[in-house]
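First residue of the sequence shown: 39, per the numbering used here; consecutive thereafter. Just so it is clear, CB atoms sit at the ideal spot from N, CA and C, and this is done for glycine as well.
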Amino acid sequence: MPIDFEKITSLAKRRGFFFQGSEIYGGLNGTWDYGPLGVELLKNVKQAWWRAMVQMRDDIVGVDSAILLNPEVWRASGHLENFTDPLVDCKECKMRWRADHLEGDRCPNCGGELTEPRQFNLMFKTFVGPVEGDAAVVYLRPETAQGIFVDFKAIQGMTRKRLPFGIAQQGKSFRNEISPGNSIFRSREFEQMECEYFVRPEQAELAYRSWVLERYNWYLSLGMKPESLRLREHEQSELSHYSAGTTDVEFLYPWGWGELEGIANRTDFDLRRHSEFSGKDLSYVDETTSEKSYPYVIEPAAGATRSALAFMCDAYDEAVVNGEQRTFLRLHKSLAPYKVAVLPLSKKENLSAVARQVEKSLRPHFMITYDETQSIGKRYARQDEIGTPYCVTVDFDSLEDHAVTIRERDSMAQERVPIAELVPALREKLED
Ligand code: ATP
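So, in structure tokens, the structure goes:
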């Protein structure tokens, strides 16, 4: 049964994962703030991606390019001309819609007649320097990819990487979406995780197919359920202006299937265009034949914020425990905001002192939290709801046997461990 999305967004707000940006001023549509648990989840998603894409591979290096780029970049990339969505207005209630997201030809709000679609550019415009005018116009990047293409030649020279090799980047992107919605699924400011993988043209098709599988498997490796994921190849008519083939990894959101990541064969479009527009030769020189050519590019482009939402939706679970309805966030250990919660059985001073000692000994090793308010059952429930995989309970026996109980979130199994062996015991469980 699909879960009620309202339950996810209310949990997200109540516990501090994400909530409406600028809320005290009535919010700003399409912007979201990530609270204490949300920043941890998001960082963990990005770290897992960086590890898989950069740190565990010899053929991909990282970059962090500027968000503001020379406006010529967007002329060369085709964004000024093509990065548009079809916009329609309702003639009755004046609401605006993205035409390709509508099912019928009437306004979904009031049933009114709609205008003819017109193309609306999604890039946010701003100005550099103190003078506002055409010469000072710049755009907030709508994707991280172009920062990679403009640095391609420099990075290849610095690293002396040979084909095939990739450049990866994570960071904020901005799109003036016509209808942002479903909370952080579609926002106007969001984070992306993109890799441009450069290959010889004759290897492009194979590399494209293998990246599709590689990226699909990455989600599975972080605990996503196979039935929540599917691959969807784009029809010819759907392809972007640069693409020779695109496959989306789709996720089953509470409202239905939707994009999580797109893997595209961008051909040599970007490097050619940037060479042409910048006047700089961005071709690649073959190490043995010294022949020059433009590599093809395979691009796995994921959303970090959208992935965080998908992982939360997939991990959300409800179960009856001791006759009580309870919520669990069964997040993969590496994604969970807190790895361990330290809980003294009671607030009594002698127990708190030991628990604080335990907390101090764990803090340098794991992201932990400490909680001594309310009953132990309530505290376990609070940790289950935010996905903490392990709770460490300090009880009155701990004062005598210098041991504590580790409780695991999903099985609720409990194990007694000497305090002196707690760090290696938890490390083993967390790395398992
Ligand atoms: P859509 O069709 O949903 O508008 P897209 O095909 O334009 O998305 P891409 O340009 O392929 O998206 O961007 C790559 C990834 O960046 C997407 O798969 C998604 O995870 C993320 N992304 C794109 N737009 C947004 C947004 N407005 N809010 C949050 N994440 C986004």
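In its own chain, which residues sit with a C-beta less than 6 Å from the C-beta of residue i, not counting the 5 before and 5 after it?
i: G59; result: L66, T69, W70 and D71
i: I41; result: P292 and Y354
i: D422; result: F366 and R447
i: T443; result: T431, Q452 and R454
i: L118; result: W112
i: R310; result: Y332
i: K51; result: F57
i: G261; result: H370
i: R270; result: D286 and E288
Going along the chain, which residues of its own chain have a beta-carbon closer than 8 Å to the beta-carbon of residue i, five neighbours each way excluded?
i: K377; result: K371, F404, M405, I406, T426, P427, Y428, L464 and L468
i: L298; result: Y257, L267, D286, V287, E288, F289, A340, G341, R344, S345 and A348
i: L389; result: P382, L383, V432, D433, F434, S436 and L437
i: A379; result: I406, T407, Y408, D409, R417, Q421, T426, Y428, C429 and V430
i: V396; result: V380, V430, V432, V442, I457 and L460
i: I11; result: The first residue shown for the chain is 39 and the last is 470, placing residue 11 beyond what the model contains.
i: G171; result: F165
i: K263; result: D352
Where does the unbroken beta strand (DSSP E) through residue i begin, and where does it stop?
i: A379; result: V378 to P382
i: V92; result: Taken as a continuous stretch (DSSP letters only), V92 belongs to no beta strand (DSSP E), as it is neither H nor E.
i: W293; result: Unbroken run through W293: none, as it is neither H nor E.
i: D233; result: The question names Asp, but residue 233 in the sequence shown is Cys. First-last of the beta strand (DSSP E) with C233: E227 to V237.
i: R445; result: A441 to E446
i: F212; result: F203 to F212
i: N159; result: R156 to N159
i: D127; result: T122 to D127
i: F162; result: Unbroken run through F162: none, as it is neither H nor E.
Since residue i and residue j are thought to touch, with beta carbons under 8 Å apart, how far apart are those beta carbons, to the nearest angstrom?
i: A206; j: V92; result: 5 Å
i: G185; j: L290; result: The pair is not a contact, with the Cβ atoms about 32 Å apart (cut-off 8 Å).
i: L152; j: D143; result: 6 Å
i: D319; j: S313; result: 6 Å
i: L201; j: Y322; result: 6 Å
i: I98; j: F223; result: I98 to F223, Cβ: 27 Å. No contact.
i: E229; j: K210; result: 6 Å
i: V237; j: Y334; result: 5 Å
i: E181; j: E232; result: 7 Å
i: L75; j: F55; result: 5 Å
i: I46; j: M350; result: 6 Å
Answer yes or no: do residue i and residue j have a C-beta to C-beta separation smaller than 7 Å?
i: R253; j: Y280; result: no
i: I336; j: Y235; result: yes
i: A173; j: G167; result: no
i: D127; j: R134; result: yes
i: G149; j: C131; result: no
i: A357; j: R364; result: yes
i: F307; j: A114; result: no
What first and last residue would you give for the alpha helix (DSSP H) that runs through residue i?
i: Y332; result: It is not in any alpha helix (DSSP H) - Y332 carries neither H nor E in the DSSP assignment.
i: T47; result: F43 to R53
i: A191; result: Checking the sequence, you will find Lys at residue 191 rather than Ala. K191 -> alpha helix (DSSP H) spans A183 to T197.
i: P462; result: L460 to E469
i: A346; result: A342 to A353
i: R394; result: E387 to L400
Between residue i and the rest of its own chain, which residues show a CB-CB distance below 7 Å, the 5 nearest in sequence each way excluded?
i: V111; result: Q184 and V188
i: F158; result: T122, D123, L125 and I216
i: R226; result: G68, T69, F212, R213, N214, E215 and P218
i: I193; result: V99, V101 and I205
i: K84; result: Q208, M231 and A342
i: Y177; result: P109, W112, M161, F162 and K163
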